[in-house]
Structures are given as structure tokens and as C-alpha cells.
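Structure first, commentary second.
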Amino acid sequence: MKDILNKAARIRLLIFDVDGVLTDGSLFLGDDGQEYKAFNSRDGHGIKMLQKHGVIVGIITGRTSKVVEHRMENLGVTHIYQGKLDKLPAFEELIAELGVTADETAYVGDDVVDLPVMRRAGLAIAVQDAHPLVLKHSHWQTPSNGGRGAAREVCE
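Using numbering that gives the first Met the number 0, you'd call the opening residue of the sequence shown number 0 and step up by one each time.
Pasting the structure below:
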């Protein structure tokens, strides 16, 4: 645990996946094809608290959604990478743009598509209900499932 706390103390950038991390992974579709997602308000509060303490927050997600764009805008998250099934190039671009190192970056994921970034980030975090391989390759697992307060636990 001490090693994890040491890694966490160096973090300047926290990146979240969206589906399965900031949401529970459910997709709701209306008759008109409109996509809806449910976000946890406690997670949003945690993100805002972290930003107040100077930690930069970003997202890298495989899907593209206006709902995600609106939620991130509401939270003041401006580093938004959507439609990135290969997430590592977006990760490298973001840390270069911000002038932070991989060791100063934490990544929160839930599925195998997140593994390349998790292996590169200084602190790899998996939500409780993540894929078994993601759990195996994480430094820490949240007590809560994705979309159910896991992001808040990371922020605290």
C-alpha cells in the first residue's frame, strides 16, 4: 500500500476511461437513436475536488458521444479524446501536450482495450468490476464498481 501511496503522491494528470468507469457500461438508446448514459454525481464532485487541488483530469474513450462531451464540459474537463480504440497514441499526445511524464499520470480503466495505457501510466487503477486481466495488471482496484462511485474513490 505504501508503494501505491508514493505513486499517487506524484500524480499531476488523472485520465479516465468512460464506459464502465465513469458509467456502469450501460448504453440507453431512444427510439430516435439518441444515446443516453448515467453518470454518478459523487464521481463528478470528486473530479471537481481533484481539479481544485491542481490535478489535471482527462478522458480517453473508445466511443464517441455528445452525452460524454456535455458531461465533461459540465465538469470543466477539457482534455477529451473520444473514438480512440487504440488509446496509447492519445495518451502519449496528451502527456506531451501537458508536459507531464507517464510516471506523473494515473489511468483508470475497466477493459482490455485499456491495458496498453495502464502498462504505461505511473499508476494503473481498475474499477472493482473490471475484466480479470485489467484487475491483474492494475496497481490498485477501487472498492466500488464503475459508475457507482469508483471515480470518487480514486479522487479521494
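Glycine included, each C-beta is placed from N, C-alpha and C at the ideal position.
Everything numeric in this text was worked out from a predicted model, so none of it was measured.
When DSSP states are grouped into helix, strand and coil, residue 50 belongs to the helix group. Look at residue 108 here: in three-state DSSP terms it is strand.
The DSSP-derived three-state label of residue 56 is strand. For residue 149, the enclosing alpha helix (DSSP H) stretches over residues 149 to 154. Taking a contact to require three or more Cβ pairs closer than 8 Å, the stretch 85 to 103 and the stretch 58 to 65 qualify as touching. The secondary-structure analysis by DSSP pairs residue 28 across a beta bridge with 34. In this structure, residue 11 lies near residue 55, with their beta-carbon atoms less than 9 Å apart. 9 Å or more divides the Cβ of residue 75 from the Cβ of residue 36. Annotated three-state conformation of residue 12 is strand, per DSSP. Secondary structure at residue 44: helix, using DSSP grouped into helix, strand and coil. In this structure, the straight-line span from the alpha carbon of residue 18 to that of residue 25 is close to 8 Å.
DSSP, reduced to helix, strand and coil, places residue 134 within a helical segment of the structure shown. The continuous beta strand (DSSP E) containing residue 125 extends over residues 122 to 125.
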